[in-house]
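As structure tokens, the structure follows; a few thoughts come after it.
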Amino acid sequence: MATEQNPERILMGNEAIARGLIEAGVTLAASYPGTPASEILSALVAFAKETGAPLHAEWSVNEKVAYEVALANSYTGRRSAVSMKQVGLNVASDPFMRSAYLGVKGGLVVISADDPGPHSSQTEQDSRFFAMFAKVPVLDPSSPREAKEMVRRAFEISEKYELPVMLRPTTRVCHARQNVPLELTEALARPARFEKNPRRWCATPQHLRELHRLLNEKIRQLAAAEEFAPILTPGDGSHAGTCLIAAGVAFAHAWDVLMELGLLGRIDCYQVTLPYPLNRGFIRRIASEYQKVLVLEETYPVIETQLACAAVQGRGSQAVPNEGELTPEVIQAVLQRALSLTPRPAPGSPQGELTRPTLCAGCAHRAAFYAIRETFPHGIFPSDIGCYTLGVNLGAVDTCHCMGAGISQAAGFYHAYAAAGGDLPAIVATIGDSTFFHAGIPALINAVFQRARFILVILDNATTAMTGHQPTPELGLTAGGEPAPKVFIADLVRASGVRFLRECDPYDLKAFASHLKDADQYCRSEAGGVAVLIARHPCLLDKDASKTQPAYEMCVTEDCTGCRHCLDDFECPGLALNEATDQVVIDGERCSGCGFCVHVCPAGSITASPRERP
Amino acid sequence: MKQQIIVSGLGGQGALTLTRLLAEAAFAAHLPVLTSETHGMAQRGGTVISMVKVGPFRGPLILAGAADVGLFLTLKNLAIHGFYLKPEAARFVNSGTSGDYWHLDARTLAQQLGAPVVANLILLGYAVGRGALFCDPELMEKVITDWSPARFRESNFRAFGAGVEAARLAHP
């Protein structure tokens, strides 16, 4: 299949997007990590190194910042990209909305990766709806190969219409792998040239009505362009008057299901590649030529809404489930119903319980959570987004909302209880280091000067662990691995006006618990306020970090009473119950040998002896 | 050639590695391939499933009841993900317990090899050795050599070989 002239490679969807960006001559890419978009930027760095393409790639502190950095690069005429998960676009929505009015110069591709299901997100919102809201064109790829091809088209549209263009992959495109053809990279060699134009780049309200008119004109032109009309695979007339319209990976799944049902080539089937603005001729054609129209799209009815005619069935009309992923099973059931087919025997379903995810064995977050819950059994624990959300398993996470919300929620809880009078519960918020940089700083400043009183524990594991270990500003490393100035969390906390700050390794349970008690006293003292503890211990998935700490051979003695405290309240994967003896045993494969559980057993039956290193 | 394979396990057991190797093997055999993986929070020890579709498919997910082969890195997952398999599908399970599937105690074998993390490659070797997959042992050995990070190459290669050998011994 692969030849010298046309080599192919197995690429993950996110790698295919990165490859497309490099081939299109992108000169700046900014991102904040988030599943399912995280791998785009790291793959971009790798492809830039491989091809020698000059590129500024950055892990920005958040998506809004990333968007604005990429936008200004585009103002200078150079191709730019910003990538994020779908809820990242909520954070970047402010610059996103206005950039549609003001437009761009060098192509700007906005990659917003959706997560129907959702698998690893706080909503399953549809970025295409956001694009429609902002009046920004959006491309919807059905596979890694198509995603790469659409990056090229996105740049072309962006430069022709001087608009940002969204590429909206979903989890099943981002994390699919496929053989993808590689092309040569485009050497655009455009200088950076910012042409001043205050009426546009600094548009005051008096200019915005005209800019809005221009935007509407661009969208009208795009909706009329035949090159973006949906692609028809015609049927053989056996289902005349009926058609299927699908977009994104739902199209790919529908294709495979039609093949499985022997219906491929029997029914008119359209793939929509540009869901917004939907081709106007297509809208007219669907209304006039079909009596029955079934729309398959993830996750909200974007195409269906634009078609807006009585024959259309989809997520809005309840013909397709209104929520959740359109898996092949869901699509099969929808097709059987819509086309009045004899249903195939219902497929089975999962039997038995799924294993829930948990913090890794030896994770210092677990140690911190254990100390927090043991110290404040009746506390309120707002938390945040990251690996440490798994502290919910330990009863040490009561809320998880969006990036940075835990700190503001802690303040809100304080004001609620303080104003209501009566006993003030201990309020302990937790937030990871990367999330603190992302959205925690304004929340902390606000809490301090609004005179809130609570404990904030910043769980600093020196990395963005959940999404694959991207560096934080404190690490002093760029996305490309170059050294950079370090920005210290402790400095930021002090500068935010916090007057109680302690730093401690949560592995030292006694010291950490004692800091927690001091912090609680400070919160309740006359001059008290927000108390901050920085719980510092590197993520053990960092192999170098795990080598720097002592390792122990753990053992459970006969004294184990089977009380389950370590299993239920500490929940380390390195500890298991031997059902025959009703005693706890060490799982030698999963135990990291951190030694912390010695402090957890009420009967003192867990022991540690130094482990020999190979 | 059309073959649909599921790889089922817990986050950290190496389902992603097997998925990657199967994709590269299909590629080396000049077959079109699509895979789907679990990333994000579930990778922290939760139930995970990967899918590999070899042949002229468009979508990365396998329709329930359509998979030809299942590789189960833990016995518990047979009940959870078994519904993806055809009734006649070949099931390979990392387990010491026998049942209506091919079982191999890859975990114990891996410990004997001194590398507990390679149980996934032993199970892969067992399935390839049984002739259940689209590729033969020689092709997969080459893929493992090409795609394993240098520090794991030797142990991955040996683990895969141990699985192939177990298949040969069990069914001469």
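Protein chains in written order, with my numbering: chain A, 21 to 634; chain B, 2 to 173.
Positions of the beta carbon are idealized from the N, C-alpha and C atoms, including for glycine.
Task: Partner residues on chain A for B:Phe58, Cβ-Cβ distance less than 7 Å - done: Taking the first residue of the second sequence as position 1, residue 58 of chain B is located at position 57. Near B:Phe58 (Cβ distances below 7 Å), the residues of chain A are Asp276.
Open item on the list: Does A:Cys222 pass the burial test, meaning 16 or more other C-beta atoms within 10 Å, or should it be called exposed?
Closed with: One-based indexing of the first sequence puts residue 222 of chain A at position 202. By the neighbour-count rule (16 or more Cβ atoms within 10 Å), A:Cys222 is not buried but exposed.
TODO: Classify A:Asp443 as buried or exposed, calling it buried when 16 or more other Cβ atoms lie within 10 Å of its own Cβ.
DONE: Residue mapping note: residue 443 of chain A aligns to position 423 of the first sequence, counting from 1. Exposed, since its Cβ has fewer than 16 Cβ neighbours within 10 Å.
Task: C-alpha gap between A:Pro321 and B:Gly83, whole angstroms - done: Residue 321 of chain A sits at position 301 when you count from the first residue of the first sequence. Residue 83 of chain B sits at position 82 when you count from the first residue of the second sequence. Approximately 33 Å, taken between the alpha carbons.
Task: Spatially closest choice to A:Ser100 from A:Ser113, A:Gln106, A:Asn110, A:Ala86, by CA coordinates - done: As a working mapping, residue 100 of chain A is identified with position 80 in the first sequence. A check of alpha carbon separations from A:Ser100 across A:Ser113, A:Gln106, A:Asn110, A:Ala86 identifies A:Ala86 as the nearest.
Task: Coil, strand or helix - A:Asp3 by DSSP - done: Any property of residue 3 of chain A remains undetermined from this structure, which presents chain A solely from 21 to 634.
TODO: Could you pull out every residue in the same chain whose Cβ sits closer than 6 Å to the Cβ of A:Tyr181, ignoring the five residues on either side in sequence?
DONE: Counting from one through the first sequence, the residue named residue 181 of chain A turns up at place 161. Shown here for A:Tyr181: same chain residues with a beta carbon closer than 6 Å to its own, the five before and five after excluded, namely Lys238 in chain order.
Open item on the list: Output needed in chain order: residues of the region 360 to 372 of chain A with a Cβ under 7 Å from some Cβ in chain B.
Closed with: Correct list: Pro367, Gly368, Ser369, Pro370, Gln371, Gly372.
Task: A:Lys216, enclosing alpha helix (DSSP H) - first and last residue - done: Numbered from its first residue, the first sequence carries residue 216 of chain A at position 196. Unbroken run through A:Lys216: none, as it is neither H nor E.
Open item on the list: Less than 7 Å between C-beta atoms, sequence neighbours within five positions excluded: which residues of the same chain meet that for A:Asn82?
Closed with: Your numbering for residue 82 of chain A matches position 62 in the first sequence. Within the same chain, A:Asn82 has close Cβ partners Tyr52, Val111, His458, Ala459.
Task: Cβ-based burial, A:Ile251 [other Cβ within 10 Å; buried from 16] - done: Counting from one through the first sequence, the residue named residue 251 of chain A turns up at place 231. Exposed: under 16 other Cβ atoms inside 10 Å.
Open item on the list: Does any residue of chain B have a CB that is nearer than 9 Å to the CB of A:Thr487?
Closed with: Residue numbering aside, residue 487 of chain A sits at position 467 when the first sequence is read from its first letter. Answer yes: the Cβ-Cβ gap between A:Thr487 and chain B drops below 9 Å somewhere.
- [ ] Please report the residue range of the beta strand (DSSP E) in which B:Phe153 lies.
- [x] Numbered from 1 along the second sequence, position 152 holds the residue referred to as residue 153 of chain B. Not the beta strand (DSSP E): B:Phe153 falls in the alpha helix (DSSP H), residues 151 to 171.
- [ ] Would you mind sorting A:Phe214 into buried or exposed? The rule is 16 or more other CB atoms within 10 Å of its CB.
- [x] In the first sequence, counting from the first residue as 1, residue 214 of chain A sits at position 194. Burial call: exposed.
Open item on the list: Bridge partners for B:Tyr246 per DSSP, in chain order?
Closed with: Past the edges of chain B, shown from 2 to 173, lies residue 246 of chain B, and the structure says nothing about it.
Open item on the list: Can you tell me whether B:Ala111 is buried or exposed? The criterion is at least 16 other CB atoms within 10 Å of its CB, across all chains shown.
Closed with: Translated into positions along the second sequence, residue 111 of chain B becomes position 110. Using a 10 angstroms sphere on the CB of B:Ala111, the tally of other CB atoms reaches 16 or more, which defines it as buried.
TODO: My understanding is that A:Tyr390 touches A:Val620, with C-beta atoms under 8 Å, so please give their C-beta distance in whole angstroms.
DONE: For the purposes of this step, residue 390 of chain A is identified with residue 370 of the first sequence, where counting begins at 1. For the purposes of this step, residue 620 of chain A is identified with residue 600 of the first sequence, where counting begins at 1. Yes, A:Tyr390 and A:Val620 are in contact; Cβ-Cβ is about 7 Å, under 8 Å.
- [ ] Please go through the region 119 to 151 of chain A and give each complete beta strand (DSSP E) segment of 3 or more residues, from N-terminal end onward.
- [x] Counting only runs of 3 or more, we get 128 to 133.
- [ ] Would you mind telling me which residues of chain A sit closer than 9 Å to B:Ile81, beta carbon to beta carbon, in chain order?
- [x] Residue numbering aside, residue 81 of chain B sits at position 80 when the second sequence is read from its first letter. Pro370, Gln371, Gly372, Glu373, Leu374, Thr375, listed in chain order.
Task: Positions along the region 57 to 81 of chain A whose CB lies within less than 7 Å of some CB in chain B - done: Hits within the stretch: zero.
Open item on the list: Quick check on DSSP: helix, strand or coil for B:Glu89?
Closed with: For this step, residue 89 of chain B is matched to residue 88 along the second sequence. When DSSP states are grouped into helix, strand and coil, B:Glu89 belongs to the strand group.
Task: Any non-hydrogen atom of the ligand MG closer than 8 Å to B:Leu22 Cβ - done: As for the ligand MG, it is missing from this structure, which has no ligand bound.
Task: Residues of the region 28 to 48 of chain B with Cβ closer than 9 Å to any Cβ of chain A, in chain order - done: Cβ contacts with chain A come from Phe28, His31, Leu32, Pro33, Val34, Leu35, Thr36, Ser37, Glu38, Thr39, His40, Gly41, Met42, Ala43, Gln44, Arg45, Gly46, Gly47, Thr48.
- [ ] Compare the C-beta of A:Phe175 against all C-beta atoms of chain B and say whether one is closer than 9 Å.
- [x] By 1-based counting over the first sequence, the position of residue 175 of chain A is 155. Closer than 9 Å to the CB of A:Phe175 there is not a single CB belonging to chain B.
Open item on the list: Quick check: B:Arg39 and B:Leu23, are their CB atoms within less than 9 Å of each other?
Closed with: Position 38 of the second sequence, counted from the first residue, corresponds to residue 39 of chain B. Position 22 of the second sequence, counted from the first residue, corresponds to residue 23 of chain B. Here the sequence assigns Thr to residue 39 of chain B, which means Arg is not the residue at that position. No, these two residues do not count as a Cβ contact at 9 Å.
Open item on the list: Could you tell me the alpha carbon to alpha carbon distance between A:Phe474 and A:Gly549, rounded to whole angstroms?
Closed with: Counted from its first residue, the first sequence places residue 474 of chain A at position 454. Counted from its first residue, the first sequence places residue 549 of chain A at position 529. The alpha-carbon atoms of A:Phe474 and A:Gly549 are separated by roughly 7 Å.
Open item on the list: Quick check: the Cα distance between A:Thr483 and A:Thr347, rounded to an integer number of angstroms?
Closed with: To locate residue 483 of chain A, count along the first sequence from 1; it is residue 463. To locate residue 347 of chain A, count along the first sequence from 1; it is residue 327. Approximately 34 Å between the Cα atoms of the pair.
Task: Nearest candidate by alpha-carbon position, reference A:Ala243, set A:Arg300, A:Met486, A:His421 - done: Your numbering for residue 243 of chain A matches position 223 in the first sequence. Ranking A:Arg300, A:Met486, A:His421 by Cα distance to A:Ala243 puts A:Arg300 first.
- [ ] Kindly provide the ranges of any beta strand (DSSP E) runs that are 3 or more residues long and lie completely inside the region 566 to 608 of chain A, ordered along the chain.
- [x] Fully enclosed beta strand (DSSP E) runs of no fewer than 3 residues occupy 572 to 576, 595 to 598, 603 to 606 of the region 566 to 608 of chain A, in order along the chain.
Task: Cβ neighbour criterion (16 or more within 10 Å) applied to A:Gln291 - done: The residue given as residue 291 of chain A occupies position 271 in the first sequence. Buried is the call here.
Open item on the list: According to DSSP, A:Trp79 sits in a beta bridge with which residue or residues?
Closed with: The residue you call residue 79 of chain A lines up with position 59 of the first sequence. Secondary-structure assignment with DSSP links A:Trp79 through a beta bridge to A:Ser51.
Task: Whole-angstrom distance between A:Thr487 and A:Val46, CA atom to CA atom - done: Along the first sequence, read from residue 1 onward, the residue named residue 46 of chain A stands at position 26. Along the first sequence, read from residue 1 onward, the residue named residue 487 of chain A stands at position 467. A:Thr487 has its alpha-carbon roughly 24 Å from the corresponding atom of A:Val46.
- [ ] Quick one: residues in its chain with C-beta nearer than 6 Å to the C-beta of A:Met423, no 5 flanking neighbours on either side, listed in chain order?
- [x] Within the first sequence, residue 423 of chain A is the residue found at index 403, counting from 1. Hits under 6 Å: Ile405, Thr455, His458, Ala459.
Open item on the list: Just to confirm the assignment, what range does the alpha helix (DSSP H) spanning A:Arg305 have?
Closed with: Translated into the one-based positions of the first sequence, residue 305 of chain A becomes position 285. Run containing A:Arg305: 300 to 309, per the alpha helix (DSSP H) assignment.
TODO: Taking C-beta pairs closer than 9 Å, name the residues in chain A that B:Leu19 reaches, listed in chain order.
DONE: Here residue 19 of chain B corresponds to residue number 18 of the second sequence, with the count starting at 1. Going along chain A, no residue has its Cβ under 9 Å from B:Leu19, so there is no contact; the nearest lies around 12 Å.
Task: C-beta neighbour in chain B for A:Glu599, strict 9 Å - done: In the first sequence, residue 599 of chain A corresponds to position 579, counting from 1. Chain B, which has no Cβ nearer than 9 Å to the Cβ of A:Glu599, makes this no.
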